[in-house]
Every structure is written in C-alpha cells, then in structure tokens.
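Scroll down for the structure; my scribbles are underneath it.
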Ligand SMILES: Cc1ncc(COP(=O)(O)O)c(C=O)c1O
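In our numbering, the protein residues as written are 11 to 429.
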C-alpha cells in the first residue's frame, strides 16, 4: 500500500514551519566565521575603508583572477555592476543589439539597456533552462554586436556550440556567471571563454558578501577600460590620464573586500559540500520512476546554485499542476520553474519600452528598432517554466535532508503510479 499523500490528508514528510530547510537567508545555509572576522578586523584597524588606499580589494581581485587563470579582475558593488562594467568597457553604439536569454535576472538586462543597447532574446532548453544555441543565430541582425549568455543555476552553457557562433559573427561574448561560481565546461572555468566573465556576490550566491560582484578578462585594453569605467574613469595608476568618458562609481569597499577574500579562499570547500549533497539527491532521483534528475551535459561541472528536476507525466501518472501541489503539501522545498515564471521580456518595462523618461529610447529610431517581445516566440521558456521544479541549494543541506526530499519524491511517485 503506498503511503497516503499529504495532499489527500496524509502526514507531510516535513513541516518546514517546525523544521525549516537550511536557507541562504541566514547562517543555516551560509558559511561565515573566523576567517571573515579576522580580515574585517584588519581592515578596521588599518583605518582604510576605501579600495584606493587599502589592500583587501586588490588582494581579492588578485586571488580571484588567479583562480580563473585570468589576467585582469575588477571587483565591484554587485553582479549587475559587474555586467554593466563589462558592457561599458565594450563602448557599443546606442541601438546596437545584444542577444541574451529570457530566463535570467534583471541584472543581465539592466547592463544592456543602461549602455543604450537593445536586448534581443533567444530561447532556452526547456529541461535545463539554459540558452539554446540553436535559437541564437536567427536572432542575429546587422546591428548585433554582442552575446550575453547566462550560466544559469550553477550549470554551464554548451560552449562547444556557442563559441563557433561568436567567432563566425565576430561578436563580443559576455558570460554572466552570477549563479555559477566554479562551474566548468570541459574542465575550463565558466567566465573565461568570452571577453568578460561576470560574477555576483549577492546573498544567495555560492560565495557572498551580501552584495558585491567581480568581472574578469584576459584582454589588456578591455581590462583597463573596465577598471576605469567602474571608478568614474579616474586614473588611479598615477599616469595622469584625464577623464575620457563617463563611467560609474561601482567601487567595492575594503569591508566588502575582506569578506570577499575570505569567501573566495573557501570556494572549493563550499562547492565540495554543495556537490556532495546535490549529487546524492540527483542519484537518488534517478531511481524514482517518473521523476528526472537535472540533465547535466557530460562536459559540464555543475555547482548547484539551485537543483532542478523534471517529470515524465505519462510515466508518473499525473500532470504538472498536481505534482506541484503534491510536493508542496509534503513540505518539499521546490518551486515551479525559475526566475519569475515567464520570459523576462514579458515584464512591463520591456512591453512598454520604459527605460528613459517617456521616450522609447533606445528602442526607437534613429538609434534602434522596436524589437517585439511576444510570448509565443519563446516556446522552450514557456514549456520550461511550467515543467521544471527548482530548489535553492546551499552548503547547509545534509545527507539527512537529501534523504527526506527523496522520501517525499518516492512517496509522490508511488502514489500516482499506484505501486
Ligand atoms: C543570472 C544573474 N545575473 C545577474 C544577477 C545580478 O546580480 P546582483 O543581484 O548581484 O546585482 C543575478 C543575481 O541575482 C543573477 O542571478
């Protein structure tokens, strides 16, 4: 006899109100301690809280760049700032087009529009929610200058398919790695394939300073441009170069730099813990009829910002809506889809071309064109949003938590399969 589902009056596998899952919102799912405290204390005692005078931010940039085998790194105040700094360094023309993905955070798109460029959205693979390279090429026009890919959820995009498109069309490539610290494609770090790799250190990310970000590049000229863009185009090198362009103030403070440095030194250990539990979960799910673990490409190393699962409705014997209600009644920590459940370009800001005052700039002539953002152009995204379930993962999850999640999923599968 299968165990009665909580949805039908049975006992839930876990009551998160009594026994919450570990969360990125507090210490239950975050790793801060002596290392951060020690470096923070050094900063306070030094009296230098600004990066121009201190050493923490510089040391963080050095160690982050070394880890990635990159020549240059620029630490900034958020992941959005990292992306904007990268875009700013490219110095594209108003109305130029940048192809990106409709499943991402606003930070990716803000960086494009705040450089007066037009975001054009490819579609995603409905099982991984990663940009589908097959949908990029037919979005390319004579105004396309750059591709901004997003290594979503801790995964890596398929770089074997993306790089030939970048090369053939001579595009700039920006990799948004906000969710994918330490993820790899064929053993190579994400963020090192393109002109820039941009990372977020916001509270939910694999390593965090609450808010913060960093971008890396191997290109000397772009590295210099990015560094100047993030700090008002002031020349801190002592060469006395004047302010040649309009930049931003996206500087990281030494206090943030201290935490960032301690965190990057723990990255291997943090990712190790995430991989141990997430991979145990995925192995367990592979044994459950009707429920599929994350589809991970054999060349990709996943670092589990979120875990993602799909179902086979025929094999499971129920539909996506009922499955959603059943796992939620069991107290399992999954939500449906990712981001906000629809292609990002369906938000009013894009539907109304609302970036600058009452104008439609940069979407309007003479600079740009009115790209239409229509729901039906994103079948992969629409399918993916209704047929994937994701769960924010963190290093606080234990193998006991994993066993409880597996228990809940086995229970739901057995019930609907009548076995
Ligand atoms: C894919 C992606 N891009 C960009 C960002 C922006 O990062 P931040 O929130 O640090 O500005 C985030 C973070 O939420 C993200 O997940």
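Every residue, glycine too, gets a C-beta built ideally from N, C-alpha and C.
To which residues of the same chain is residue i closer than 8 angstroms at the C-beta, ignoring the five residues directly before and after it?
i: residue 274; result: 70, 73, 74, 77 and 217
i: residue 39; result: 32, 33, 404, 405, 406 and 407
i: residue 424; result: 12 and 13
Can you grab the Cα-Cα spacing for the pair residue i / residue j, in whole Å?
i: residue 169; j: residue 206; result: 14 angstroms
i: residue 298; j: residue 179; result: 44 angstroms
i: residue 400; j: residue 316; result: 6 angstroms
i: residue 330; j: residue 419; result: 14 angstroms
i: residue 97; j: residue 332; result: 43 angstroms
i: residue 262; j: residue 222; result: 7 angstroms
i: residue 127; j: residue 254; result: 21 angstroms
i: residue 67; j: residue 417; result: 45 angstroms
i: residue 319; j: residue 345; result: 10 angstroms
i: residue 18; j: residue 25; result: 16 angstroms
i: residue 202; j: residue 269; result: 24 angstroms
i: residue 334; j: residue 301; result: 12 angstroms
i: residue 247; j: residue 145; result: 43 angstroms
i: residue 149; j: residue 195; result: 25 angstroms
i: residue 105; j: residue 153; result: 8 angstroms
i: residue 327; j: residue 303; result: 18 angstroms
i: residue 284; j: residue 309; result: 19 angstroms
i: residue 42; j: residue 212; result: 14 angstroms
i: residue 357; j: residue 28; result: 36 angstroms
i: residue 434; j: residue 260; result: An answer regarding residue 434 cannot be provided, because it is not within the stretch 11 to 429 covered by the chain.
i: residue 130; j: residue 249; result: 39 angstroms
i: residue 450; j: residue 208; result: Outside the shown range of the chain, which is 11 to 429, sits residue 450, and nothing can be said about it.
Which residue wins for smallest C-alpha separation from residue i, given the options the options?
i: residue 21; options: 226, 336, 350 and 357; result: 336
i: residue 88; options: 280, 64 and 215; result: 215
i: residue 125; options: 411, 267, 92 and 38; result: 92
i: residue 258; options: 265, 379, 247 and 238; result: 238
i: residue 6; options: 302, 11, 333 and 132; result: A query on residue 6 cannot be resolved here, the shown segment of the chain reaching from 11 to 429 and no further.
i: residue 103; options: 405, 347 and 156; result: 156
i: residue 210; options: 282, 225, 426 and 196; result: 225
i: residue 119; options: 388, 40, 360 and 367; result: 360
i: residue 287; options: 123, 85, 43 and 410; result: 410
i: residue 44; options: 314, 250, 272 and 267; result: 272
i: residue 80; options: 391, 227 and 282; result: 227
i: residue 347; options: 370, 390 and 379; result: 390
i: residue 55; options: 23, 264 and 322; result: 264
i: residue 279; options: 191, 368, 134 and 165; result: 191
i: residue 323; options: 388, 129, 422 and 84; result: 422
i: residue 219; options: 199, 325 and 277; result: 277
i: residue 380; options: 388, 116 and 362; result: 362
Could you please give the first and the last residue of the uninterrupted alpha helix (DSSP H) stretch that includes residue i?
i: residue 183; result: That residue, residue 183, is in no alpha helix (DSSP H); its beta strand (DSSP E) goes 182-186.
i: residue 389; result: 389-397
i: residue 330; result: 330-339
i: residue 56; result: 44-56
i: residue 422; result: 409-427
i: residue 96; result: 89-100
i: residue 233; result: 230-239
i: residue 73; result: 66-78
i: residue 481; result: Summary: the structure shown does not reach residue 481, with the chain confined to residues 11 through 429, and so no result is reported for it.
i: residue 300; result: Note, residue 300: premise wrong, no alpha helix (DSSP H); not H, not E.
i: residue 119; result: 116-123
Kindly indicate the opening and closing residues of the beta strand (DSSP E) around residue i.
i: residue 270; result: No beta strand (DSSP E) holds residue 270; the alpha helix (DSSP H) holding it covers 264-275.
i: residue 155; result: 154-160
i: residue 82; result: 82-86
i: residue 129; result: 128-131
i: residue 210; result: 206-210
i: residue 107; result: 107-110
i: residue 355; result: Taken as a continuous stretch (DSSP letters only), residue 355 belongs to no beta strand (DSSP E), as it is neither H nor E.
Ordered along the chain, which non-local residues of its own chain (more than five positions away) have a Cβ less than 7 angstroms from that of residue i?
i: residue 182; result: 100, 155, 156 and 205
i: residue 147; result: 175
i: residue 172; result: 143 and 159
i: residue 415; result: 291 and 342
i: residue 229; result: 205
i: residue 314; result: 164, 284, 285, 288 and 403
Here's a check: name, in chain order, each residue in its chain whose Cβ is nearer than 6 angstroms to the Cβ of residue i, leaving out the five neighbours to either side.
i: residue 306; result: 312
i: residue 14; result: 20
i: residue 365; result: 123
i: residue 429; result: none
i: residue 121; result: 93, 94 and 97
i: residue 82; result: 227 and 233
Does the distance between the C-beta of residue i and the nearest non-hydrogen atom of ligand 3 fall short of 7 angstroms?
i: residue 394; result: Here the bound small molecules are ligand 1; ligand 3 is not part of this structure.
Just checking, does the region 383-396 make contact with the region 336-344 on the three C-beta pairs under 8 angstroms criterion?
Too few Cβ pairs lie closer than 8 angstroms, so no.
Could you tell me whether the region 367-382 touches the region 41-50, where touching means 3 or more Cβ pairs closer than 8 angstroms?
No, the region 367-382 is not in contact with the region 41-50.
Does the region 101-115 touch the region 242-249, meaning 3 or more C-beta pairs lie closer than 8 angstroms?
No, because fewer than three Cβ pairs between the region 242-249 and the region 101-115 fall closer than 8 angstroms, the two stretches do not touch.
Is the region 391-410 in contact with the region 348-362, if contact means three or more CB pairs nearer than 8 angstroms?
With a cut-off of 8 angstroms, the region 348-362 and the region 391-410 count as touching, because enough Cβ pairs lie within range.
Pairing CB atoms from the region 183-190 with CB atoms from the region 132-147, are three or more of them under 8 angstroms?
Under the 8 angstroms Cβ criterion, the region 183-190 does not count as touching the region 132-147, having fewer than three qualifying pairs.
Pair every Cβ in the region 26-38 with every Cβ in the region 221-241, then say whether three or more of these pairs are closer than 8 angstroms.
Not touching, per the Cβ criterion.
Between the region 57-71 and the region 283-295, do at least 3 Cβ pairs fall closer than 8 angstroms?
The answer is no - the region 283-295 does not touch the region 57-71, with fewer than three Cβ pairs under 8 angstroms.
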